[in-house]
Structures are given as C-alpha cells and as structure tokens.
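K.L.:
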Amino acid sequence: MKNMELCVEEAAVTGDYGLLMQAFILNPQTVSGQKMVNVLNELLIAHEKYLPQFADKIAELKAAGVTIKDDVARELTEKGL
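What follows is the structure, given as structure tokens:
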C-alpha cells in the first residue's frame with residue numbers, strides 16, 4: 381500500500397496521469413482492466429474543479445466523450461458540489 385500512496389502523492393503534485401494509473405493498479409482494492417480505467421477517468425472529470433494539475437488530461441477525456449455514468453455523481457457535479 382505504501383507504494384500506491386507514494387504514486388498518488390507524486391501524481392497529485394505533478395498531474396501525471398500515468399502515475400495515477402499506476403497507483404490504481406497497485407491498489408489491491410481496485411478492479412483491474414477497462415473498468416478501472418473508466419472509474420479513474422470518471423473520477424477525474426467529477427472532481428475537475430479540484431484537480432487543475434490534470435486539466436489537459438481531463439480536456440482530452442471530455443473530447444473523447446468520457447462522461448460521468450453515475451446519475452448521483454453527475455447531478456452533484458453539475459450542481460458544483
């Protein structure tokens with residue numbers, strides 16, 4: 381778990397999507413494969429206003445059509461919560 385935490389910390393500071401993905405892979409509590417990628421991408425979009433260091437990646441995801449699938453999360457995000 382320590383390696384996962386270190387990856388999260390560095391990704392948060394640098395905005396490195398690859399490191400963030402690595403943190404998800406290292407976390408034993410996450411699923412693997414495309415579902416994990418989808419969750420990561422939706423989390424970035426849902427928390428966009430708090431993650432300016434990922435602005436370029438979030439713009440890329442949005443341009444690719446990635447959206448928040450969970451109705452509640454989408455509504456909260458639209459309300460700015």
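The sequence shown begins at 381 in my numbering and counts up by one. For every residue, glycine included, the Cβ atom is placed at its ideal position computed from N, Cα and C.
Exposed or buried, what is residue 456 when buried is set at 16 or more other beta-carbons lying within 10 Å of its beta-carbon?
P.N.:
So residue 456 ends up on the exposed side.
K.L.:
At the level of alpha carbons, what is the spacing between residue 451 and residue 383?
P.N.:
About 33 Å.
K.L.:
Out of curiosity, what's the CA-to-CA distance linking residue 462 and residue 401?
P.N.:
With the chain running from 381 to 461 in the structure shown, residue 462 is simply not present.
K.L.:
With distances taken from CA atoms, which of 442, 415, 425, 433 is nearest residue 399?
P.N.:
For the residues 442, 415, 425, 433, the minimum Cα distance to residue 399 belongs to 433.
K.L.:
Please tell me whether residue 437 and residue 397 are closer than 7 Å, where the distance is taken between their beta carbons.
P.N.:
Yes.
K.L.:
Roughly how many angstroms separate the alpha carbons of residue 447 and residue 439, rounded to a whole number?
P.N.:
Cα to Cα, the separation comes out at about 11 Å.
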